[in-house]
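*Asks:* From first to last, the protein sequence lines are chains A and B.
Residues 1 to 313 (the UniProt record's numbering) make up the first sequence, in order.
Residues 1 to 313 (the UniProt record's numbering) make up the second sequence, in order.
Positions of the beta carbon are idealized from the N, C-alpha and C atoms, including for glycine.
Here's a structure for you.
There are 2 protein chains.
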Amino acid sequence: MLPSFSDVRDAAARIAPYAVVTPVLRSELVDARVGTSVWFKCENLQRGGAFKFRGATNAVWSLSDEDAVRGVVTHSSGNHGNALAMAARTRGIPAHVVVPEGAVKAKVDAIIAAGATIHRCAATTAAREAAAADVMAATGANLVHPYADARVMAGQGTLVPELLRQAPGIDTLLFPVGGGGLASGCSIAAHGIDPGIVLFGAEPEGADDAARSLEADERVGPFTPQTICDGLRTLIGEPNFHALRDHQVHVLRVSDAEVVSAMRLLWSELRVVVEPSSATTLAALLRYPERFAGRSVGVVITGGNVDLDALPW
Amino acid sequence: MLPSFSDVRDAAARIAPYAVVTPVLRSELVDARVGTSVWFKCENLQRGGAFKFRGATNAVWSLSDEDAVRGVVTHSSGNHGNALAMAARTRGIPAHVVVPEGAVKAKVDAIIAAGATIHRCAATTAAREAAAADVMAATGANLVHPYADARVMAGQGTLVPELLRQAPGIDTLLFPVGGGGLASGCSIAAHGIDPGIVLFGAEPEGADDAARSLEADERVGPFTPQTICDGLRTLIGEPNFHALRDHQVHVLRVSDAEVVSAMRLLWSELRVVVEPSSATTLAALLRYPERFAGRSVGVVITGGNVDLDALPW
Numbered sequence: 001m002l003p004s005f006s007d008v009r010d011a012a013a014r015i016a017p018y019a020v021v022t023p024v025l026r027s028e029l030v031d032a033r034v035g036t037s038v039w040f041k042c043e044n045l046q047r048g049g050a051f052k053f054r055g056a057t058n059a060v061w062s063l064s065d066e067d068a069v070r071g072v073v074t075h076s077s078g079n080h081g082n083a084l085a086m087a088a089r090t091r092g093i094p095a096h097v098v099v100p101e102g103a104v105k106a107k108v109d110a111i112i113a114a115g116a117t118i119h120r121c122a123a124t125t126a127a128r129e130a131a132a133a134d135v136m137a138a139t140g141a142n143l144v145h146p147y148a149d150a151r152v153m154a155g156q157g158t159l160v161p162e163l164l165r166q167a168p169g170i171d172t173l174l175f176p177v178g179g180g181g182l183a184s185g186c187s188i189a190a191h192g193i194d195p196g197i198v199l200f201g202a203e204p205e206g207a208d209d210a211a212r213s214l215e216a217d218e219r220v221g222p223f224t225p226q227t228i229c230d231g232l233r234t235l236i237g238e239p240n241f242h243a244l245r246d247h248q249v250h251v252l253r254v255s256d257a258e259v260v261s262a263m264r265l266l267w268s269e270l271r272v273v274v275e276p277s278s279a280t281t282l283a284a285l286l287r288y289p290e291r292f293a294g295r296s297v298g299v300v301i302t303g304g305n306v307d308l309d310a311l312p313w
Numbered sequence: 001m002l003p004s005f006s007d008v009r010d011a012a013a014r015i016a017p018y019a020v021v022t023p024v025l026r027s028e029l030v031d032a033r034v035g036t037s038v039w040f041k042c043e044n045l046q047r048g049g050a051f052k053f054r055g056a057t058n059a060v061w062s063l064s065d066e067d068a069v070r071g072v073v074t075h076s077s078g079n080h081g082n083a084l085a086m087a088a089r090t091r092g093i094p095a096h097v098v099v100p101e102g103a104v105k106a107k108v109d110a111i112i113a114a115g116a117t118i119h120r121c122a123a124t125t126a127a128r129e130a131a132a133a134d135v136m137a138a139t140g141a142n143l144v145h146p147y148a149d150a151r152v153m154a155g156q157g158t159l160v161p162e163l164l165r166q167a168p169g170i171d172t173l174l175f176p177v178g179g180g181g182l183a184s185g186c187s188i189a190a191h192g193i194d195p196g197i198v199l200f201g202a203e204p205e206g207a208d209d210a211a212r213s214l215e216a217d218e219r220v221g222p223f224t225p226q227t228i229c230d231g232l233r234t235l236i237g238e239p240n241f242h243a244l245r246d247h248q249v250h251v252l253r254v255s256d257a258e259v260v261s262a263m264r265l266l267w268s269e270l271r272v273v274v275e276p277s278s279a280t281t282l283a284a285l286l287r288y289p290e291r292f293a294g295r296s297v298g299v300v301i302t303g304g305n306v307d308l309d310a311l312p313w
């Protein structure tokens, strides 16, 4: 149940009235340090501060009127929950968000501010899915999975045609890999436009399930993540894994120390607030410059929701 | 020696190959808190992280080839010095920057990185001007004053037609007031386009020389600034004062505590890095909402250069 490129185009039209066309930023210093041309697609400046608003909005507006009135439900450590709450509000329907313990406070506060009903649970995939199932049973709400959902993947992919219009010379894409909603949507969109675009993912060493799955040529099982990147602690989804394999996404590992250093560089050079997960990409550019030499690289800055009182430097 | 609106249009054409068309961001939460519609023109995302690149680039490219080879010199607590160094590099000419003690380290580091020669001096206007005169005498470099310079004012004003193209409904402008280069350039540009646009400045209580000058109907003398807003510690320039008076700019005072609170709100809501001076504007919106009720307000976010190790909260 992967979306097609046509689904991405439909999603782009569906979300256009609500989503921001996010800016693309550049840095001479970063280009010099990496030795290549880099375009940063700033989804941290998207509504809700993350690319997640694209997928959530596509899912919400894909529902029939009859289904929509029962509302939507998801489980999310933060950005997808907030995005779904905001998307639900654009349609005037209820949203329920199952939030695992340990979620970043700024993200939970935003979900509450967006008007969603919060349901807390333990920080395991099983506990999250069980809590969401309880809400569905009680309310009839429609599940909008954070990444293993074709509507969500198609929505996330809409940033690619937008980026390629803004920076037509891009021949390489680099994005963080968590559950794989962004990675799969962007892969399908990129190759729908140009099958020659080279695709890279970035993953923390302490949550390298996608890299290990691709190396083993089968999806690995549940694991205990050890990383500062709160948005990338999830196991890659089954359809998402297949999309990454089919589209030959090269996943590069980076350490948390490299992430923190890259995060700080993005703050000082681009003057935007970037969360740790988003900095995996610049960390990968700086660790593996030979993979990007002579290329024109589009990099997805995925989100900018951090606790300003607990910066990691 | 104020620039005309025609000078602003010429400046826009002159800097177009070098300057970034900066994005305009919005926040539903800010709109709700202020009770009006606000468009943030993000000059912190300009090259060098501040609007100053516009004026410096216009000045550098206004020089004849014969004058240009001798280079440029200025005195600046940071952003203008960095901007002039970067602008000089676009033309391949030398830049000298006189830096007063107490300047923000991140800004001085940027000036050095941009290839300028640094000359240190005491933190008074007199010491700055004397040191710049010494450099001029020794090198023949052309003075590019940070604000009392028609080329600089015209360059800063170029952000206004750009903003009004991006957000055509704006009927009110709000900008920080320091030396007044931005304030005067924006006032001339705004009223060149539409004399009905209402103009507001924001000033820290501890550096309210423009407010006091306008109240007294004459420019006050040198004073000792007491404010966290390192970009606004200068006395308003003579031509700049006249421009503000002629264009009926209303200057609103805000406290440093209000600035810090507004700065944090901008970081968390817009997800951009904003320096204290830039947050005077949102602080003014929040303190004087009745002045902006029912209006469409364009706000200039002037810069994003801060020491990330010394955040004021």
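Suppose you measure from the CA of Gly201 of chain B to the CA of Val177 of chain B; what does that come to, to the nearest Å?
*Replies:* Translated into positions along the second sequence, residue 201 of chain B becomes position 201. Translated into positions along the second sequence, residue 177 of chain B becomes position 177. Going by the C-alpha atoms only, they are around 6 Å apart.
*Asks:* Considering only residues of the segment 141-192 of chain B, which uninterrupted beta strand (DSSP E) runs meet the minimum length of 3 residues and lie entirely inside it, listed in chain order?
*Replies:* Counting only runs of 3 or more, we get 172-176.
*Asks:* With distances taken Cα to Cα, identify the nearest neighbour of Val152 of chain B among B:Leu265, B:Leu2, B:Pro312.
*Replies:* Here residue 152 of chain B is taken as the residue at index 152 of the second sequence, counted from 1. If we check each option's Cα against that of Val152 of chain B, B:Leu2 comes out closest.
*Asks:* So which residues of chain A does Val273 of chain B contact, with C-beta pairs closer than 7 Å?
*Replies:* The sequence position of residue 273 of chain B within the second sequence is 273, counting from 1. In chain order: Trp267, Arg271, Val272, Val273.
*Asks:* With distance defined between alpha-carbon atoms, name the residue in B:Val272, B:Ala106, B:Arg219 nearest to Ala114 of chain B.
*Replies:* Translated into positions along the second sequence, residue 114 of chain B becomes position 114. Looking at the Cα atoms, B:Ala106 is the closest of the given residues.
*Asks:* Would you kindly check if the distance between the Cβ of Gly155 of chain B and the Cβ of Asn58 of chain B is under 8 Å?
*Replies:* Translated into positions along the second sequence, residue 58 of chain B becomes position 58. Translated into positions along the second sequence, residue 155 of chain B becomes position 155. Yes, these two residues count as a Cβ contact at 8 Å.
*Asks:* Am I right that Pro204 of chain A and Val254 of chain A are in contact with their C-beta atoms under 8 Å? What's the rounded C-beta distance?
*Replies:* Here residue 204 of chain A corresponds to residue number 204 of the first sequence, with the count starting at 1. Here residue 254 of chain A corresponds to residue number 254 of the first sequence, with the count starting at 1. 6 Å between Cβ atoms; contact.
*Asks:* List the residues of chain A that Ala83 of chain B touches, going by C-beta distances under 8 Å, in chain order.
*Replies:* The residue you call residue 83 of chain B lines up with position 83 of the second sequence. Near Ala83 of chain B there are no residues of chain A at all, since even the closest Cβ is about 14 Å away, more than 8 Å.
*Asks:* Assuming Val30 of chain B and Glu269 of chain B make a contact with CB atoms under 8 Å, what is their CB distance in whole Å?
*Replies:* As a working note, residue 30 of chain B is residue 30 in the second sequence. As a working note, residue 269 of chain B is residue 269 in the second sequence. Yes, Val30 of chain B and Glu269 of chain B are in contact; Cβ-Cβ is about 6 Å, under 8 Å.
*Asks:* Ala106 of chain B versus chain A: which residues are under 8 Å apart at the beta carbon?
*Replies:* Residue 106 of chain B sits at position 106 when you count from the first residue of the second sequence. Within 8 Å Cβ-Cβ: Ser268.
*Asks:* State yes or no: is the beta carbon of Asn44 of chain B nearer than 8 Å to at least one beta carbon in chain A?
*Replies:* Position 44 of the second sequence, counted from the first residue, corresponds to residue 44 of chain B. Closer than 8 Å: yes.
*Asks:* Ile301 of chain A: buried (16+ other C-beta within 10 angstroms of its C-beta) or exposed?
*Replies:* As a position in the first sequence, residue 301 of chain A is number 301, starting the count at 1. Per the 10 Å Cβ criterion, buried.
*Asks:* Decide if Val160 of chain B is buried, meaning its Cβ has at least 16 other Cβ atoms within 10 Å, or exposed.
*Replies:* In the second sequence, counting from the first residue as 1, residue 160 of chain B sits at position 160. Val160 of chain B is buried by the Cβ-count criterion.
*Asks:* Based on the DSSP output, what are the partners of Ile118 of chain A in its beta bridges?
*Replies:* Taking the first sequence and counting its residues from 1, the one referred to as residue 118 of chain A is at position 118. Answer by DSSP bridge pairing, in chain order: A:Val97.
*Asks:* Are the C-beta of Pro23 of chain A and some C-beta of chain B separated by less than 8 Å?
*Replies:* The residue given as residue 23 of chain A occupies position 23 in the first sequence. Yes, because at least one Cβ of chain B sits closer than 8 Å to the Cβ of Pro23 of chain A.
*Asks:* What residues in its chain sit with their C-beta under 8 Å from that of Val251 of chain A, if we drop five residues either side in the sequence?
*Replies:* What you label residue 251 of chain A is simply residue 251 of the first sequence in a count that begins at 1. Closer than 8 Å at Cβ, skipping near neighbours: Val177, Phe200, Gly201, Ala202, Glu203, Asp208, Ala210, Ala211, Leu214, Leu244.
*Asks:* Beta-carbon separation of Thr90 of chain A and Leu174 of chain A under 8 Å?
*Replies:* The sequence position of residue 90 of chain A within the first sequence is 90, counting from 1. The sequence position of residue 174 of chain A within the first sequence is 174, counting from 1. Their beta carbons are not under 8 Å apart, which means Thr90 of chain A does not touch Leu174 of chain A by this criterion.
*Asks:* Take the Cβ of Gln46 of chain A as the centre, count every other Cβ of all protein chains shown within 10 Å, and call the residue buried at 16 or more, exposed below.
*Replies:* For the purposes of this step, residue 46 of chain A is identified with residue 46 of the first sequence, where counting begins at 1. Buried, since its Cβ has 16 or more Cβ neighbours within 10 Å.
*Asks:* Going by C-alpha to C-alpha distance, which of B:Arg264, B:Gly237, B:Glu66 sits closest to Leu182 of chain B?
*Replies:* As a first step, residue 182 of chain B is located in the second sequence; it is residue number 182 there, counting from the start. Selected option, being the one with the closest Cα: B:Gly237.
*Asks:* Tell me which residue opens and which closes the alpha helix (DSSP H) that Ile111 of chain A is part of.
*Replies:* Your numbering for residue 111 of chain A matches position 111 in the first sequence. Ile111 of chain A -> alpha helix (DSSP H) spans 105-113.
*Asks:* Given residue 315 of chain B, which residues of its chain have a CB within under 7 Å of its CB, disregarding the five upstream and five downstream residues?
*Replies:* Any answer about residue 315 of chain B is impossible in this case: the structure gives chain B only from 1 up to 313.
*Asks:* Would Pro239 of chain A and Ala148 of chain A qualify as a contact pair, given that the criterion is a beta-carbon distance under 8 Å?
*Replies:* Against the first sequence, residue 239 of chain A aligns to sequence position 239. Against the first sequence, residue 148 of chain A aligns to sequence position 148. Result yes, Cβ atoms of Pro239 of chain A and Ala148 of chain A sit closer than 8 Å.
*Asks:* Can you list the residues of chain B that Leu308 of chain A reaches, using a CB-CB cut of under 9 Å?
*Replies:* Within the first sequence, numbered from 1, the residue matching residue 308 of chain A stands at position 308. Going along chain B in sequence order, the residues near Leu308 of chain A (Cβ under 9 Å) are Arg264, Trp267, Ser268, Leu311, Trp313.
*Asks:* Keeping to the same chain, check which residues put their C-beta closer than 7 Å to that of Gln166 of chain A; ignore five residues upstream and five downstream.
*Replies:* Reading the first sequence from its first residue, position 166 is the one you call residue 166 of chain A. Excluding sequence neighbours, Gln166 of chain A sits near Val24.
*Asks:* Can you give me the Cβ contacts of Ala190 of chain A inside the same chain, cut-off strictly under 7 Å, excluding the 5 residues immediately before and after it?
*Replies:* Numbered from its first residue, the first sequence carries residue 190 of chain A at position 190. Counting only Cβ-Cβ distances below 7 Å, and skipping sequence neighbours, we find Val160, Leu173, Ile197, Leu199.
*Asks:* Quick check on Leu102 of chain A: buried or exposed, where buried means 16 or more other Cβ atoms within 10 Å of its Cβ?
*Replies:* As a position in the first sequence, residue 102 of chain A is number 102, starting the count at 1. The sequence shown places Gly at residue 102 of chain A, not Leu. Label assigned to Gly102 of chain A: exposed.
*Asks:* Could you have a look at Glu203 of chain A and say whether DSSP puts it in helix, strand or coil?
*Replies:* Counting from one through the first sequence, the residue named residue 203 of chain A turns up at place 203. Correct three-state label for Glu203 of chain A: strand.
*Asks:* When you check each C-beta in the segment 172-205 of chain B against every C-beta of chain A, which residues fall closer than 7 Å?
*Replies:* Residues: none.
*Asks:* In whole angstroms, what separates the C-alpha of Ser278 of chain B from that of Gly49 of chain A?
*Replies:* Taking the first residue of the second sequence as 1, we reach residue 278 of chain B at position 278. Taking the first residue of the first sequence as 1, we reach residue 49 of chain A at position 49. Computed Cα separation, rounded: 21 Å.
*Asks:* With a threshold of 8 Å between beta carbons, is Gly49 of chain A in contact with chain B?
*Replies:* As a first step, residue 49 of chain A must be located in the first sequence, where it is residue number 49. Judged by the 8 Å Cβ criterion, Gly49 of chain A is in contact with chain B.
*Asks:* What are the boundary residues of the beta strand (DSSP E) that includes Leu252 of chain A?
*Replies:* Position 252 of the first sequence, counted from the first residue, corresponds to residue 252 of chain A. Segment 250-254, the beta strand (DSSP E) holding Leu252 of chain A.
*Asks:* First and last residue of the alpha helix (DSSP H) that includes Gly81 of chain A?
*Replies:* Numbered from its first residue, the first sequence carries residue 81 of chain A at position 81. Per DSSP, Gly81 of chain A belongs to the alpha helix (DSSP H) from 79-91.
*Asks:* I need the straight-line Cα distance from Met86 of chain B to Ser76 of chain A, nearest angstrom please.
*Replies:* What you label residue 86 of chain B is simply residue 86 of the second sequence in a count that begins at 1. What you label residue 76 of chain A is simply residue 76 of the first sequence in a count that begins at 1. Answer to the nearest angstrom: the Cα atoms are 44 Å apart.
*Asks:* Output needed in chain order: residues of the segment 289-307 of chain B with a Cβ under 8 Å from some Cβ in chain A.
*Replies:* Within the segment 289-307 of chain B, the qualifying residues are Gly304, Asn305.
*Asks:* Quick one: what's Ala11 of chain A bridged to in DSSP?
*Replies:* Numbered from 1 along the first sequence, position 11 holds the residue referred to as residue 11 of chain A. Looking at the DSSP assignment, Ala11 of chain A forms no beta bridge with any residue, so it has no partner.
*Asks:* Going by Cα to Cα distance, which pick from B:Arg233, B:Pro168, B:Asn305, B:Arg9 is closest to Arg295 of chain B?
*Replies:* Indexing the second sequence from 1 puts residue 295 of chain B at position 295. The shortest C-alpha separation from Arg295 of chain B is found at B:Pro168.
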